[in-house]
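Residue numbers (my numbering): 1 to 647. Cβ atoms here follow ideal geometry from the backbone N, Cα and C, with glycine treated the same way. Right, one structure below, let's go through it.
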Amino acid sequence: MRWFRRGRVGPAPADPEPPTPAGDPAAPSGSGPITAGSIPGIASTGPHATNTQHVTVLPAEALVAPEVVPAPAGLVNLPVRLRLFVGREDALGWLDSAARDPGVVVVQAIHGLGGIGKSTLVARWAATHRDQHRPIWWITADSRAALDAGLVALTVALQPALAALPSPALREWAVRWLACHDGWLLILDNVTDPAHIADLLGRLPHGRILVTSRRATGWPDIVTPLRLDVLEPDQAVALLTGIVSQGGGVIDPAGAAAVCAELGHLPLAVEQAGAYLAQTRTTVGDYLRLLAQHPAAMYRDGEEGRAAERTIARVWHVTLDAFADDPLPGRLLRALAWYAPEAIPRSLWHHLGDGAGEPAVTRAIGRLAAYNMLSIDPATRAVTVHRLVQAVARTPDPDDPHRQPDDITTARTTATAALTTALPDDWRTPTTWPTWRTLLPHVDALVSQTAAHATDSDRVAQAYLLNATSLFLLNQGNLPHAIAYLKQALTDRRRVLGNDHPDTLTSVNNLAYAYDSAGDLGQAIPLYKQALTDRRRVLGNDHPDTLTSVNNLASAYDSAGDLGQAIPLYKQALTDRRRVLGNDHPDTLTSVNNLASAYDSAGDLGQAIPLFEQALTGCRRVLGNDHPQTRVVYGNLRAAIEGFSSE
């Protein structure tokens, strides 16, 4: 593991040659910025994992203030919706009647039962008002993390040069842009808690915001709510008839009315039924008979969303019966049910075939889309599954051949394995960050949905997922989220693997690192000490992970200003790494630099400068002149020499 402690002085000037009291240590080549500093802890993902410091240099256009960045023409990210839209005249008129004073922010919330058509209504209204707003930006806001991800994506769309910045900085840039511009439309879809958006609303003095939610109460005073109900009977019939007709089928008005009444005029259920009738040419009588054979007695009445789930469950069962010739669509739908409902990327869902092959998976996804069980973004091939369909697909039912308990468990395992495979190997390189941001909502959803059902196998598999994701979150500065994931990973590994398993010890170390990164040394140091003690006992004194723990504990004491504890540990880490790994191993060079930095902090430049020179020579030889670690050491040496010269 590679850990660099910072010198006492900040970034060095980009002079080609540092002043030196004796000799002239070679400076790294290149004219880019030189960053002096350190990585204050270690985060490891397995045996012999490495950690390097990356320096991100932004182009000049990335420094433009949000106030002067215009919205590009045509910037709209509305989701793909059903082309056929009927009714809702009153709700559309209500949206039209909102105040248009450019000096105020207008916030309207459409709330109602899941599957009632809230998102479809808002998407329809926005699509017919494209010319009045720039941009129109749709965010799935079912959690704070999802809201943040949507704001991050807005920043990247407005100013692509900023994409290399950490997520918190990108989120803040988006809020600042919205606060100083007008004429935009922001859609916050499926808000689960009004508190999640309260801070954002409070910072926006103008603009137009539309919210969809199942929540009827708890909205800030600035929000004007409207409850959306099911379609009127004639509107539901028009919707069903239109869908069947578009699919080349025919349904008589009386039959359509009977189907819509049985489905409770719920738009989502009507859409799915229409797709099924059009695809299979099933008669109304047969369809109603199939629905009657699968009542939703297992779902309790009176709970939020249960009535809709009951209807969706019946339609879901009947629809999957159409795939009797191929079990793959059902397997895919059960696996997709464990992710966030929207924007499941192709890079994730194509791993769900469990050996079926990519062409077969793609064909099965297409069949599901044909029945409106999911939708596919034609540009990105990302998949969206309605959250109520997901809820049913995750719920075991011994009486339903499509939701057998063992099949649900298998789907959860498949979803976890596919998501683990889709994660980038590196969380530090900016080019991987868009992929991480795309997958993060699906990690959150999988972990949340699995909590009540997890087996020991689930816990072991998800601990790896949590550990890897937490390192990205730490890199992005999202410390509370990362710490929560690391604590859960440690708890699960202790429960299943035991306290002495190497993966458990890795989790102890990484949780310490997270607390260290947060500046909570009171939590970090005891955990670092525990990791070191246990690694010495389980792995031995000379195991690379043990040597890493020696370095980490020294680093924490160094951060705490306890050089009396830090320097002996740094010396021990250096001695042992030279003996075990060799003088030219990157970890050994790290220890040389770290000990030099500690002496520098102690004011002992006579000890620090020769060690910095030794570290720089080794880094140039092993890593090259332009490696970020070489530049860090060079900056530390330069700062020490300047300090020596001023004495």
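Nearest to asparagine 594 by CA position, among Gly255, Asn625, Asn636 and Gly606, is which residue? Asn636
Distance check for alanine 370 and valine 175, CA to CA, integer angstroms please. 38 Å
Contact check, alanine 418 vs histidine 351, beta carbons under 8 Å: yes
On the criterion of 16 or more Cβ atoms from any shown chain inside 10 Å, does serine 213 qualify as buried, or is it exposed? buried
For asparagine 372, which option in Thr420, His453 and Gly274 has the closest C-alpha, if you only look at C-alpha atoms? Gly274
Which runs of the alpha helix (DSSP H) fall wholly inside the region 110–174 and span at least 4 residues, in chain order? 118–127 and 144–158
Of the listed residues Leu490, Thr575 and Thr241, nearest to asparagine 551 (C-alpha basis): Thr575
Quick one, are the C-beta atoms of tyrosine 570 and serine 591 less than 8 Å apart? yes
Suppose you measure from the CA of serine 29 to the CA of tryptophan 433; what does that come to, to the nearest Å? In this predicted model, serine 29 has a pLDDT of only 37, less than 50, meaning its place in the structure is not dependable; the value taken from the coordinates is given anyway. When rounded, the distance between both Cα atoms is 28 Å.
From leucine 446 to arginine 437, what distance separates their C-alpha atoms? 15 Å
Starting from leucine 185, trace the beta strand (DSSP E) in both directions and tell me its first and last residue. 185–189
Beta-carbon gap between valine 230 and isoleucine 251 smaller than 8 Å: no
Taking the C-alpha atoms as reference points, what is the distance between alanine 27 and threonine 588? Because the pLDDT of alanine 27 is 38, which lies under 50, any placement of that residue in the model is unreliable, and the question is left without a value.
Would you mind reading off the limits of the beta strand (DSSP E) that contains threonine 409? No beta strand (DSSP E) holds threonine 409; the alpha helix (DSSP H) holding it covers 405–422.
Return the Cβ separation of arginine 459 and arginine 495 in integer angstroms, given the expectation that the two are a contact with Cβ distance under 8 Å. 7 Å
Checking 8 Å against the spacing of the C-beta atoms, do glycine 207 and leucine 186 come in under that value? yes
Quick one: give me the first and last residue of the alpha helix (DSSP H) that arginine 437 is part of. 433–450
Asparagine 467 and alanine 489: beta carbons closer than 8 Å? yes
Could you spell out the range, first to last residue, of the beta strand (DSSP E) harbouring arginine 394? Counting along the chain, arginine 394 falls outside any beta strand (DSSP E), and DSSP gives it neither H nor E.
Can you tell me whether glutamine 108 is helix, strand or coil according to DSSP? strand
Limits of the unbroken alpha helix (DSSP H) element including serine 457: 456–475
Confirm, please, whether the CB-CB distance from leucine 228 to glycine 117 is below 8 Å. yes
How about valine 191 and arginine 215: do their beta carbons lie closer than 8 Å? yes
Closest residue to alanine 236 among Leu263, Pro220, Arg289 and Thr224 (Cα-Cα distance): Leu263
Could you pull out every residue in the same chain whose Cβ sits closer than 8 Å to the Cβ of proline 527, ignoring the five residues on either side in sequence? In the sequence as presented, proline is not what sits at residue 527; that position holds leucine. Excluding residues within five positions, the ones whose Cβ falls inside 8 Å are Val508, Asn509, Leu511, Ala512 and Tyr515.
Leaving out five residues on either side along the sequence, give the residues of the same chain with a beta carbon under 8 Å from the beta carbon of threonine 630. Pro28, Leu616, Cys619, Arg620, Leu623 and Gly624
Any beta-carbon of chain C closer than 8 Å to the one on valine 460? In the structure shown, chain C cannot be found, because there is only a single protein chain.
Just how far apart, CA to CA, sit tryptophan 349 and alanine 145? 21 Å
Would you call aspartate 131 buried or exposed, if buried means 16 or more other Cβ atoms sit within 10 Å of its Cβ? exposed
Closer than 7 Å by C-beta to proline 441: which residues in its own chain qualify, once you throw out the five before and the five after it? Chain order, please. Ala145, Ala146, Ala149 and Ala340
Please report the straight-line C-alpha distance between arginine 579 and glutamine 523, rounded to a whole angstrom. 31 Å
Report all residues from its chain with a CB closer than 6 Å to the CB of aspartate 301; omit the five preceding and five following residues, and keep chain order. Here aspartate 301 scores only 29 on pLDDT, less than 50, and its place in the model is too uncertain to base an answer on.
Serine 347, DSSP secondary structure in three states: helix
What three-state label does DSSP hand threonine 533 in the structure shown? helix
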